[in-house]
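My numbering numbers the first residue of the sequence shown as 1 and each following residue consecutively.
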Amino acid sequence: MPTSPTTAMSKAEYLALAEQKYNDLQALGTAPTFYDYEKSFEAIWLELGRQVLERNMGPVPDDRRKKKDDDALWPNPNSK
């Protein structure tokens with residue numbers, strides 16, 4: 001994980017993303033059961049968190065499992 005974000009998100013950008021989810025959060029009051037409320041609440045926050053993380057860290061790579069390590073702990077002697 002980089003020590004500093006590659007593309008820092010401004011406060012205005014964060015507030016714009018949160019504002020998009022505000023109406024969804026307000027609509028949760030009509031959920032018939034607490035389970036439905038909790039399930040929808042979690043989905044909204046996970047989506048907002050994903051959007052904020054992607055804005056701060058950059059786009060998700062094609063292969064989400066691939067890790068980039070420019071400073072390997074154990075360099076591969078056969079890789080040159």
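Every residue gets a Cβ at the ideal spot worked out from N, C-alpha and C, and that includes glycine.
With 16 other Cβ atoms within 10 Å as the buried cut-off, status of Trp45: Residue 45 sits at position 45 when you count from the first residue of the sequence shown. The residue is exposed, with fewer than 16 neighbouring Cβ atoms inside 10 Å.
Quick one: what's got a C-beta closer than 8 Å to Ala43's C-beta in the same chain, skipping five residues either side? Position 43 of the sequence shown holds residue 43. Nothing listed; no residue qualifies.
Rounded to whole angstroms, what is the Cα-Cα separation between Tyr22 and Phe41? Position 22 of the sequence shown, counted from the start, is the residue given in the question as residue 22. Position 41 of the sequence shown, counted from the start, is the residue given in the question as residue 41. Taking the straight line from one Cα to the other gives about 11 Å.
Mind reading off the beta-carbon distance from Asn56 to Ala8? Whole number of angstroms is fine, and I expect it under 8 Å. Residue numbering aside, residue 56 sits at position 56 when the sequence shown is read from its first letter. Residue numbering aside, residue 8 sits at position 8 when the sequence shown is read from its first letter. So it is a contact: roughly 7 Å between Cβ atoms.
Local conformation of Pro2 per DSSP, three classes: Position 2 of the sequence shown holds residue 2. Here the model assigns Pro2 a pLDDT of 47, short of 50, so the residue's position is not dependable, and the following value carries that caveat. Correct three-state label for Pro2: coil.
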